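Notes follow the structure.
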Amino acid sequence: MLDKNGIAKRIAKELQDGYYVNLGIGIPTLVANYVPKGINVIFQSENGLLGMGPFPYEGEEDADMINAGKQTVTTLPGSSIFDSALSFAMIRGGHVQLTVLGAMEVSDTGDIASWKIPGKMVKGMGGAMDLVASAKNIIVAMQHVNKHGESKLLSECTLPLTGVKCIKKIITEMGMFDITPQGFRLLERAPGVSIEQIKNATKGRLVADASAPEMIID
Amino acid sequence: MNKVVANADEAVKDIKSNVTLMLGGFGLCGIPENCIAALQRKGISGLTCISNNAGVDDFGLGLLLKKHQIKKMIASYVGENAEFERQMLTKEMEVELIPQGTLATRCWMGGAGIPAFFTPAGYGTEVAEGKETREFDGEKYLMERWLKADFAIVKAWKGDTLGNLIYKGTARNFNPMMAMAGKITIAEVEELVPAGELDPNQIHTPGIFVQRIFKGVNYEKRIEQRTVRPRS
């Protein structure tokens, strides 16, 4: 099984030199800590920052310099700052190569639900609907099952959708999957996780070939 | 032409109950702190507020929320405010949630005189309910209308007496588009200088969009998530 950092490390291996990348709140944010050596990527924060740098040193926090998760951040040499309309022009216009975000549920046709539990929790979609509708490549970082042990990889989402037929890849504590016409396809198993365990934890259609290799994360 | 007013109370003095307001800011970053406090003091109610977020329980728009001054909130993300969630789930307050990029562009369009645009954001979701959809070059889009406000209230770093504005860092966010979309736009700034002192090349919001400007005081600039790294 992977922990949060393990999921982030595996996603980081999907980064390619020169990518502009938007990272969502939660596990996706951790991806920035594991950018492979020798690769340059530029992180976009949809509140209006391109070239997001690390957290500031203590005492150097600036209330006017935050990321989309409202965390204090810094700029890097070559950063730029802009307004929200221009920020989403970058996103909607397809200029951001990769979006990594969390989800509550995904379907085996690539739908994603992430913003609302009717009657219980409504946080809003923020920029997620714009991001999933326009990014060329979308990776979802999520837990495979909920706290009751029920699968979050479904044949159809039960919660209100964030986007339709849009996600390309899913990385959970159990493995990495892509979306095919036959449903979820297991690409790699997390260390120590069997195909049987993955089958039991996946409610949607699953293609799990016995040859799917174990993930190498370090 | 005199756009300069003395303070927040004077800037908001003709804002009455039941009007529509736009308020700049992302989270608590770049919010018009002085005007929000003045609106709370004024005690008007029935407000429709268009803002990306709704503040936190005891700061930002949370201050107006706590006093039940907001009738309807139009926002993209409201997850930091427990009182907001309570009022929404009990239906004490009406809420319309809009994808963030759509919200930004709708404000911009309101100021730019463009009544509608087509976006893929929200297609196939409940955001698309009741909206016109159309196919362009094989992709599906939904039509979104412009947004305008009776008053737009923005916060900038520096401004001049003609209403030209410069923002600092990510406190820019929604402020420039909202400044364009108000019938009356009020700007509060940290530093107010005579016209001619700001470099015309560096202006973010040209003064034509701003009707009132004042120098704000006592900025708290609260940080929602203070994240730091150790010095190694």
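So the protein lines, in turn, are chains A and B.
Counting from 1, one number per residue, gives the positions in the first sequence under my numbering.
Counting from 1, one number per residue, gives the positions in the second sequence under my numbering.
Note that CB positions come from ideal geometry on N, CA and C, so glycine has one too.
None of these values were measured; they are calculated from a predicted model.
For Gln197/A, there is no enclosing beta strand (DSSP E); the enclosing alpha helix (DSSP H) has its first and last residue at 195 to 201.
Residues of the same chain with a CB within less than 6 Å of the CB of Thr161/B, apart from the 5 flanking positions on each side, are Val4, Pro194, Ala195 in chain order. The stretch 122 to 141 of chain B makes no contact with the stretch 166 to 179 of chain B; the number of CB pairs closer than 8 Å stays below 3. Taking 9 Å as the cut-off between beta carbons, the residues of the stretch 70 to 102 of chain B near chain A are Ala75, Ser76, Tyr77, Val78, Gly79, Glu80, Glu85, Met88, Leu89, Val95, Leu97, Ile98, Pro99, Gln100, Gly101, Thr102, in sequence order.
Under the Cβ distance rule, Pro28/A does not count among the residues neighbouring chain B, no pair being separated by less than 8 Å.
Under the 8 Å criterion on CB atoms, Met177/B is classed as interfacial with respect to chain A.
DSSP, read as helix, strand or coil, puts Thr125/B in coil. Exposed is the label assigned to Asp218/A, since fewer than 16 other Cβ atoms lie within 10 Å of its Cβ. Per the DSSP secondary-structure output, Ser80/A pairs in a beta bridge with Leu50/A. With contacts defined by Cβ atoms closer than 8 Å, Ala103/A and Met129/A do not form a contacting pair. Using beta-carbon distances, Pro120/B counts as an interface residue toward chain A, with a partner under 8 Å. Close to chain A, meaning a Cβ-Cβ distance shorter than 9 Å, are the following residues of the stretch 166 to 195 of chain B: Tyr167, Lys168, Gly169, Thr170, Ala171, Arg172, Asn173, Phe174, Asn175, Pro176, Met177.
Distance check between Gly25/B and each of Gly60/B, Phe117/B, Asn18/B, Asp9/B places Gly60/B closest, using alpha-carbon atoms only. Residues of the stretch 154 to 165 of chain B with a C-beta less than 8 Å from any C-beta of chain A: Trp157, listed in chain order.
Taking a cut-off of 8 Å on C-beta distances, the stretch 65 to 72 of chain B touches the stretch 39 to 57 of chain B, as three or more cross pairs fall below it.
Assignment of Ala152/B by DSSP, reduced to helix, strand and coil, places it in the strand class. Residue pairing of Ala113/A in beta bridges, as defined by DSSP: Glu105/A. In this structure, the beta-carbon distance from Gln87/B to Lys70/A does not fall below 8 Å.
For Pro191/A, same chain residues with a beta-carbon under 7 Å away, outside a window of 5 residues either side, are Glu214, Met215 in chain order.
Spatial neighbours of Ala8/B in its own chain (CB-CB distance under 6 Å, excluding positions within 5 residues in sequence) are listed in chain order as Asn34, Cys35, Ala38.
Note on Asn47/A: 16 or more other CB atoms within 10 angstroms of its CB, so buried under the neighbour-count rule. With respect to the 8 Å criterion, Gly110/A and Lys165/A are classified as neighbours on the basis of their beta carbons.
Straight-line measurement puts the Cα of Thr170/B at about 27 Å from the Cα of Ala6/B.
Boundaries of the alpha helix (DSSP H) harbouring Phe84/B: 82 to 89, taken from the DSSP string. As the crow flies, the alpha-carbon of Pro36/A is around 21 Å from that of Phe177/A.
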